[in-house]
Every structure is written in structure tokens, then in C-alpha cells.
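Following: one structure in C-alpha cells, then a few remarks.
2 protein chains.
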Amino acid sequence: MANIQEVAQKAGVSVATVSRVLNQHPTVTAKTRLKVETAIEELNYEPSMLGRNLRNSESRLLLVLIPSISNPFYTEIINGIEDTAITNGYNILLCDTDSNPQREHIYFNMVKNKLADGIISMDPAVDMEKLNGLAMQYPIIQCSEYDEKGTIPYVTIDNQLAAYRAVKHLIKLGHKKIALINSDERFLYARERRAGYEQALREFNLPIQEKWIYHTNHLEFEFGQQAMRKLLQTDEKPTAVFSVSDTLAIGALKEINAHELNVPEDIALVGFDKISFSNMTNPTLTTVSQPMYKMGCTAADMLIKKIHNKDVESVILDHELVIRESTMG
Amino acid sequence: MANIQEVAQKAGVSVATVSRVLNQHPTVTAKTRLKVETAIEELNYEPSMLGRNLRNSESRLLLVLIPSISNPFYTEIINGIEDTAITNGYNILLCDTDSNPQREHIYFNMVKNKLADGIISMDPAVDMEKLNGLAMQYPIIQCSEYDEKGTIPYVTIDNQLAAYRAVKHLIKLGHKKIALINSDERFLYARERRAGYEQALREFNLPIQEKWIYHTNHLEFEFGQQAMRKLLQTDEKPTAVFSVSDTLAIGALKEINAHELNVPEDIALVGFDKISFSNMTNPTLTTVSQPMYKMGCTAADMLIKKIHNKDVESVILDHELVIRESTMG
DNA sequence: ATTCGTGATGTAATCGATTACAATAATTTT
DNA sequence: AAAATTATTGTAATCGATTACATCACGAAT
Numbered sequence: 001m002a003n004i005q006e007v008a009q010k011a012g013v014s015v016a017t018v019s020r021v022l023n024q025h026p027t028v029t030a031k032t033r034l035k036v037e038t039a040i041e042e043l044n045y046e047p048s049m050l051g052r053n054l055r056n057s058e059s060r061l062l063l064v065l066i067p068s069i070s071n072p073f074y075t076e077i078i079n080g081i082e083d084t085a086i087t088n089g090y091n092i093l094l095c096d097t098d099s100n101p102q103r104e105h106i107y108f109n110m111v112k113n114k115l116a117d118g119i120i121s122m123d124p125a126v127d128m129e130k131l132n133g134l135a136m137q138y139p140i141i142q143c144s145e146y147d148e149k150g151t152i153p154y155v156t157i158d159n160q161l162a163a164y165r166a167v168k169h170l171i172k173l174g175h176k177k178i179a180l181i182n183s184d185e186r187f188l189y190a191r192e193r194r195a196g197y198e199q200a201l202r203e204f205n206l207p208i209q210e211k212w213i214y215h216t217n218h219l220e221f222e223f224g225q226q227a228m229r230k231l232l233q234t235d236e237k238p239t240a241v242f243s244v245s246d247t248l249a250i251g252a253l254k255e256i257n258a259h260e261l262n263v264p265e266d267i268a269l270v271g272f273d274k275i276s277f278s279n280m281t282n283p284t285l286t287t288v289s290q291p292m293y294k295m296g297c298t299a300a301d302m303l304i305k306k307i308h309n310k311d312v313e314s315v316i317l318d319h320e321l322v323i324r325e326s327t328m329g
Numbered sequence: 001m002a003n004i005q006e007v008a009q010k011a012g013v014s015v016a017t018v019s020r021v022l023n024q025h026p027t028v029t030a031k032t033r034l035k036v037e038t039a040i041e042e043l044n045y046e047p048s049m050l051g052r053n054l055r056n057s058e059s060r061l062l063l064v065l066i067p068s069i070s071n072p073f074y075t076e077i078i079n080g081i082e083d084t085a086i087t088n089g090y091n092i093l094l095c096d097t098d099s100n101p102q103r104e105h106i107y108f109n110m111v112k113n114k115l116a117d118g119i120i121s122m123d124p125a126v127d128m129e130k131l132n133g134l135a136m137q138y139p140i141i142q143c144s145e146y147d148e149k150g151t152i153p154y155v156t157i158d159n160q161l162a163a164y165r166a167v168k169h170l171i172k173l174g175h176k177k178i179a180l181i182n183s184d185e186r187f188l189y190a191r192e193r194r195a196g197y198e199q200a201l202r203e204f205n206l207p208i209q210e211k212w213i214y215h216t217n218h219l220e221f222e223f224g225q226q227a228m229r230k231l232l233q234t235d236e237k238p239t240a241v242f243s244v245s246d247t248l249a250i251g252a253l254k255e256i257n258a259h260e261l262n263v264p265e266d267i268a269l270v271g272f273d274k275i276s277f278s279n280m281t282n283p284t285l286t287t288v289s290q291p292m293y294k295m296g297c298t299a300a301d302m303l304i305k306k307i308h309n310k311d312v313e314s315v316i317l318d319h320e321l322v323i324r325e326s327t328m329g
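Chains as they are written, first to last, in UniProt numbering: chain A, 1 to 329; chain B, 1 to 329.
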């Protein structure tokens with residue numbers, strides 16, 4: 001790979017002139033520009049981002065932190081981020097943190113070292129303290145999950161309201177024994193969705209029963225199955241289940257079927273996220289739709305603004321309850 | 001963010017000594033090491049990758065090119081890559097190329113510019129010519145999809161044999177009218193799997209009927225539905241379907257159900273990839289299992305070897321036909 | 001006491017770009 | 001035609017690290 005020196009030599013000019021051509025400075029003569037451009041062409045030269053970044057302290061790269069690539073919830077968000085980034089001349093790099101602090105540390109360092117210009121964090125398990133510290137010096141946005149006590153701008157939905165509506169929908173269908181499959185309440189979204197669940201129950205004077213609330217640390221299908229297995233073992237089986245994630249709900253559906261029970265006749269089921277697979281199950285899954293693509297776009301917009309030192313405000317986007325077969329009697 | 005100069009000043013030593021401490025050179029006195037380490041501590045200093053990379057021409061970053069993050073097929077492979085990379089002191093960056101040459105170009109440049117040390121490409125739609133050109137100078141490995149005419153080392157499975165076995169399994173069950181849902185035959189895997197399909201039919205003297213071969217450009221569920229709709233419209237309906245991807249098969253299953261037909265009684269179904277969803281459908285999906293995690297590990301191992309200038313040979317891993325409910329009569 | 005050897009540290013070049021400032025060439029003004 | 005002005009281009013410092021080589025200090029050998 002040729003460097004700027006060789007181009008300069010070949011074109012018979014100084015490196016400064018080559019750099020000016022590269023950066024489209026208007027002061028360069030058409031003739032010299034041509035010379036340089038031919039030299040670039042002939043040497044197949046491409047400027048080194050390393051040298052450039054070191055000098056400019058800018059990489060035009062955005063980091064997107066996700067806990068796990070296997071969660072389909074993130075795919076549409078990422079598409080939104082990517083489209084917006086590219087429109088603005090940025091590129092994104094996906095970072096699968098596996099909720100591992102050590103990996104996170106590496107990605108944090110990439111920003112400190114100017115290898116990236118900013119971070120969009122979607123990892124609920126991120127070290128909030130570290131993230132807040134980093135955010136004092138570097139552009140950071142949180143997407144979906146955020147720190148209520150922190151000062152980092154975020155884009156999300158009203159999780160409590162969404163859960164409330166989902167459970168209210170079940171209550172309106174006549175259900176009185178409604179279970180909750182929740183994830184780890186270390187996470188804000190889990191706490192908020194539980195609050196929404198309880199809010200709905202209280203509003204209709206239904207008791208909140210611990211035996212119908214199941215917590216799981218993982219979001220994979222199998223954990224939904226496991227959750228449902230437990231719930232079916234309770235002395236009084238629930239007639240409806242609200243799950244805080246589609247993947248868990250799909251696992252639950254599988255388990256319900258395995259017990260020769262039917263959805264929605266025996267047990268109604270509501271998920272959360274509207275992942276594409278939720279429309280492929282039989283029955284199709286009632287779920288809460290988050291505007292994922294828009295969320296991604298908004299997050300990217302906010303980050304880019306922040307990089308340019310503009311002020312940004314947190315955003316709460318609308319959600320929607322998508323009623324499908326799993327709650328249609 | 002402090003730099004090495006400031007640390008040197010604070011510690012009362014030269015930058016060379018600081019660098020020596022950072023790189024654990026044995027020649028530094030315990031006393032000076034301590035001085036430097038305290039200074040690093042106090043200034044909260046972290047060495048800049050940019051400066052280091054520029055000097056060392058090494059980033060210890062690997063690029064992983066995937067066409068789309070939404071395809072669950074890649075998740076386990078990526079886990080394998082990531083685990084292996086980290087064990088060897090490398091980190092990975094996921095690049096969602098969207099099969100877009102312009103985006104690819106950016107990622108190719110990152111390697112040219114030493115922002116990354118090598119590439120694992122999993123994009124079937126990658127510009128093979130460019131990739132081959134790049135591979136003459138930079139470490140590149142192909143995973144899953146590869147260029148049969150090129151010289152880039154790859155890791156994959158025997159796609160033709162796998163397809164042959166899948167279709168033979170259907171024939172052994174007594175099926176004579178077997179359809180194929182294939183993806184774009186620009187891709188090698190699609191051509192190979194079709195070859196396996198035809199090989200099995202020929203071996204058992206079954207005619208190859210164009211009406212039962214459907215091509216689709218996308219792998220999302222909806223395209224599987226669309227494919228199946230077409231196949232059900234043919235004058236003579238197939239009694240079995242082999243789909244080159246689980247996502248397409250799951251879409252097909254949905255469509256079959258929508259027509260009030262049953263799997264496997266009316267139509268048997270075989271997918272490919274053993275994605276985690278394929279065990280959540282009802283009935284569960286017979287599919288071809290690729291050793292995805294191992295594939296990822298192998299690819300990462302090969303790439304790291306290549307970065308260290310060792311010779312690497314292409315690898316063909318074993319596959320397995322996983323028989324589940326969708327072909328159990 | 002002088003010389004030598006060894007180990008610890010410092011000096012300065014280097015990687016590949018950008019850019020302030022200097023220098024030169026081209027043009028206009030008088 | 002000489003001076004003044006302006007348009008191009010070149011020189012060299014800079015970003016933050018690494019490292020070959022130079023230097024220095026100190027103890028051992030003679």
C-alpha cells in the first residue's frame with residue numbers, strides 16, 4: 001500500500017499538495033490536481049485512516065454495543081442506526097459485549113483512543129458507573145435500556161405503560177389469573193414492565209401473586225420453556241401469561257403445546273418486541289411493537305449531534321399493542 | 001486523556017521508559033517501574049491504540065463480514081469466532097455489509113489501513129474479485145461461502161452431500177414429488193445444494209421437474225411463504241419440500257398450515273442450518289446441522305495463523321441430518 | 001586507580017497523515 | 001519595468017506511540 005510520500009514523489013509535488021487534493025482544498029491548480037490524481041490512480045493509493053485519525057482525532061466510526069447478536073430484537077434497531085449513520089457519512093461497528101465487562105472495556109477504550117467517535121449502548125448489563133464516567137468526556141447515547149439516575153441521553157419507550165396495556169388487554173378478555181415471565185430485575189426495563197403488570201392488576205383489584213411471577217436470567221427460548229414448565233406446576237394454573245420478551249413467550253408457547261394445552265383457549269399469551277418470528281408461530285403471537293427502526297435512527301441522530309457538540313434531549317417513542325391469534329378466543 | 005509524554009514527565013523519566021513499562025520489557029528497574037506505574041495510575045492514562053497501531057502496523061482487531069445481522073445462521077459462528085479471537089488476544093468487529101459493495105469497500109479499507117489485522121468473510125454476495133485481490137496482500141479467510149476458483153482459504157461443509165442426504169431421507173420415506181426451495185444460484189452453496197438435490201433424485205430415477213424448483217433472492221420468512229404459495233399452486237402438488245434454509249422452511253410451514261394442510265402428513269419438510277427457531281416450530285423442523293460454533297473457531301484460528309504468516313489449508317467440516325417431527329409420519 | 005563490562009535509561013527517528021507558516025510564482029498596479 | 005498583491009506550492013511541526021542506538025552509572029577485574 002503506497003503512502004502519501006510516494007504519491008507526492010510520483011506526482012512531483014509535496015505531500016502537502018497531495019493532502020490538499022485529497023481534502024478538496026480549492027487552492028490547487030487544475031493541472032497539479034490532475035497530476036496528483038493520476039499518481040493516486042497509478043499507485044492505487046488510499047489514504048491511511050490511522051495517520052489521518054491520529055492527526056484529526058476523528059474516525060467517523062460509531063460503536064454499537066449489543067449484549068448478544070443472537071437476540072433478534074436488535075436487528076431492526078441496528079438497521080436504523082446504520083442507515084442514519086451512513087447518510088451522515090459515518091460507519092458503524094457492531095460490538096458483541098456478551099455483557100462482559102472486559103470486552104466492554106476494550107470498546108470503551110476504542111473511543112478514548114479516537115478509534116471511534118462515539119457509542120450507542122444497548123446493553124442492559126453495561127457497567128452504568130463506567131458508562132456515565134465515560135459520557136462526561138465522550139459522546140454516548142443509550143438506546144432502549146438506560147440509567148434513570150444517569151445523565152446520558154437515551155431513546156426508549158414507556159415500558160411501564162406498554163406492559164400495563166398488554167396486561168389490561170388480557171384482563172379485558174376476562175382473565176383473572178395472569179402470570180408474568182420477567183427477566184432479571186437488575187434491568188430497568190424489567191422493573192418497569194413488572195410495574196406495569198402490577199398497575200393493571202391493582203387497577204382491576206386482582207391480587208398480585210408471587211407464584212405467578214417468574215424470573216429468568218436469560219432470554220433464549222429454552223428459558224421460556226422452563227418458565228412455563230414451572231408456572232404449569234403451580235397449584236392454580238394461570239389462564240394467561242405476559243412475557244417480557246417474544247423469545248421467552250415462544251418458548252412458553254412450545255411448552256404449553258407440549259402439555260397438550262391450547263393457546264389461546266387454555267392459556268392466552270402476550271409477548272414483547274414483535275420480532276419477525278412472532279408472526280410465524282402457530283398461533284401467531286400477540287405482542288408489543290416497539291418502533292425499532294425509528295429508535296435506531298433516533299439514537300444515531302442523537303449521537304451524531306452529540307459528536308458535533310450539540311445538545312440532545314432524551315426521547316420516548318410510541319409503542320403499540322399488536323393483537324394476534326394468541327389472545328383471540 | 002493523558003498521553004505518554006505527560007506520564008513520562010510526571011514520573012520523571014523518558015517516554016521510552018514509559019513505553020518499556022507498558023510493554024513489560026525486563027530491563028526496567030523495579031523502582032522506576034513503580035514510579036511509572038503510579039504516574040499512569042494518577043493520570044488515569046491508557047495508551048492510544050492509534051499511535052501504537054501506526055507504529056506497529058498491528059491492531060489486534062479482526063473484521064467479520066456478514067451480509068445481514070438478522071440471519072440467525074450467523075450467531076453461533078460468530079460466538080465461535082469471538083471466543084477463539086479473545087483466547088488469542090484479538091477482538092472482533094462485526095460488519096453488516098448488507099451485501100452492499102460500498103460498505104464492503106469501507107471495511108476492506110480498514111484492513112488496508114491497518115485499522116484491522118484481517119477479515120473473515122461470510123457474505124455470499126461479496127465481490128469475489130476484489131476479495132481475491134485483497135487476499136494477495138492481507139490475511140483473509142472465507143467462512144461457509146467461498147470462491148471455488150479463488151485461492152482464499154475457507155472453512156465450510158460439503159453442501160452437495162448434505163443436500164443429497166436430506167433429499168435421500170425424503171425419498172426413503174416414500175416421497176416421489178419433492179420440491180426444492182432454493183436461494184439465488186449466483187451463490188455457490190445454492191448451486192451445490194441443488195446439485196445434491198438432483199443427485200438424489202437421479203439416483204432413484206425420479207424426474208427433475210422445473211415446476212418444483214423455486215428460487216428466491218431473500219432468506220426472510222415471507223419469502224418462504226411466497227415460495228410455498230407458488231408450489232401449492234402447481235397442477236401437481238409436491239408431497240415433500242427441501243428448503244436450503246430454515247428461515248425459508250419456517251415460512252413454508254406457515255403457508256402450508258394456512259392452507260389447512262398438515263406437516264408431515266400432507267407435506268414433509270426439511271430445512272437447513274438448524275437455527276434455534278427450528279426447534280420451536282410445531283412440528284419441529286427436520287434440518288441439516290452445520291457445526292457452526294466449530295466453524296467459527298476454525299475460521300478464527302485460520303485467520304490468526306494467516307496473520308502470523310503461517311500456511312493454512314481449507315477445511316471441510318462434518319454436517320448432520322437432524323430428523324425431527326416435520327418428516328416423522 | 002584505571003579500565004572494562006553490564007545494565008538501565010535517554011535521545012531521536014519513525015509510522016502516515018494534516019496544516020500553519022514560509023516561500024515562491026504569477027498577476028496586477030502604478 | 002519595478003513594486004505590490006495574490007495565488008500556489010513547499011517546509012516542517014504535529015498527533016502518540018515504539019525502538020535502534022547512544023549514553024551514563026556503577027561495580028568488577030586488573
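All C-beta atoms in this analysis are idealised placements derived from N, C-alpha and C, irrespective of residue type, glycine included. None of the values given here were measured: they were computed from a predicted structure.
With fewer than 16 neighbouring CB atoms inside 10 Å of its own CB, Lys149/B falls in the exposed class. For Leu34/B, the secondary structure class from DSSP, reduced to helix, strand or coil, is helix. Taking C-alpha positions only, Glu129/A is separated from Thr151/A by approximately 11 Å. Each of Val7/B, Gly51/B, Ile120/B, Asn56/B was checked against the Cα of Leu34/B, and the nearest Cα belongs to Val7/B. Asp246/A and Ser276/A have their C-alpha atoms some 10 Å from each other.
When CB distances to chain B are screened at a threshold of 7 Å, the residues of the UniProt domain "HTH lacI-type" (2-56) of chain A falling below it are Glu46, Ser48, Met49, Leu50, Gly51, Asn53, Leu54, in chain order. DSSP places Ser68/B outside any alpha helix (DSSP H), giving it a letter other than H or E. In the DSSP secondary-structure assignment, Tyr164/A is not bridged to any residue. With contacts defined as CB atoms closer than 8 Å, Ile208/B and His319/B fail to qualify as a contacting pair. Membership of Phe223/A in the alpha helix (DSSP H) is indicated by the continuous run 221-233. Check the Cα spacing between Glu198/A and each of Ile69/A, Asn71/A, Lys168/A: the tightest is with Lys168/A.
If you check the CB distance, Ala11/B and Ala39/B come in under 8 Å. At a beta-carbon threshold of 7 Å, none of the residues of chain B lie near Asn217/A; the nearest stands roughly 17 Å away. When the beta-carbon positions are compared, Val244/A and Ile181/A come within less than 8 Å of each other. The beta carbon of Met110/B falls within 8 Å of a beta carbon belonging to chain A, placing the residue at that interface. Contact holds between the region 80-88 of chain A and the region 290-301 of chain A, because three or more Cβ pairs, one in each stretch, are under 8 Å apart. With respect to Leu248/A, Phe223/A sits close: the two C-beta atoms are nearer than 8 Å. Rounded to whole angstroms, the gap between the alpha carbons of Ala85/A and Ala2/B is 29 Å.
One thing to note: Thr239/B has its Cβ no nearer than 8 Å to the Cβ of Lys211/B.
Around the beta carbon of Ser70/B, 16 or more other beta carbons lie within 10 angstroms, which makes this residue buried. Here Tyr146/B really is in contact with Tyr154/B; their C-beta atoms are around 4 Å apart, less than 8 Å. Beta-bridge partners assigned by DSSP to Thr216/A: Ser183/A. Against chain A, the CB of Asn309/B has no partner CB under 8 Å away; the residue lies outside that interface. By the CB criterion at 8 Å, Ala227/B and Arg193/B fall outside the cutoff. With the criterion set as a beta carbon lying under 8 Å from some beta carbon of chain A, the members of the region 113-128 of chain B are Asn113, Lys114, Leu115, in sequence order.
Within chain B, no residue has its CB atom less than 8 Å from the CB of Ile304/A, the nearest being about 17 Å off.
Beta-bridge pairing by DSSP links Leu115/B to no other residue. Using a CB distance below 7 Å, the part of the region 274-303 of chain A facing chain B consists of Ser276, Phe277, Met280, Asn282, ordered along the chain.
Within the same chain, Ile81, Thr84, Ala85 come within 6 Å of Ala300/A by CB-CB distance, once the 5 residues on both sides are set aside. Thr27/A counts as exposed, since fewer than 16 other beta carbons sit within 10 angstroms of its beta carbon. Annotated as proximal: Arg324/A and Thr286/A, with beta-carbon spacing under 8 Å. Interface residue (Cβ-Cβ distance to chain A less than 8 Å): Thr97/B is not classified as such. Pro264/A has a beta carbon lying at 8 Å or more from every beta carbon in chain B. Here Gly118/B has Leu62, Pro139, Leu303, Ile307 as same chain residues with Cβ atoms under 6 Å from its own Cβ, once five neighbours each way along the sequence are excluded.
In this structure, Ser183/A places its C-beta atom within 8 Å of the C-beta atom of Leu219/A. Look at Lys211/A: its C-beta is not under 8 Å from any C-beta on chain B.
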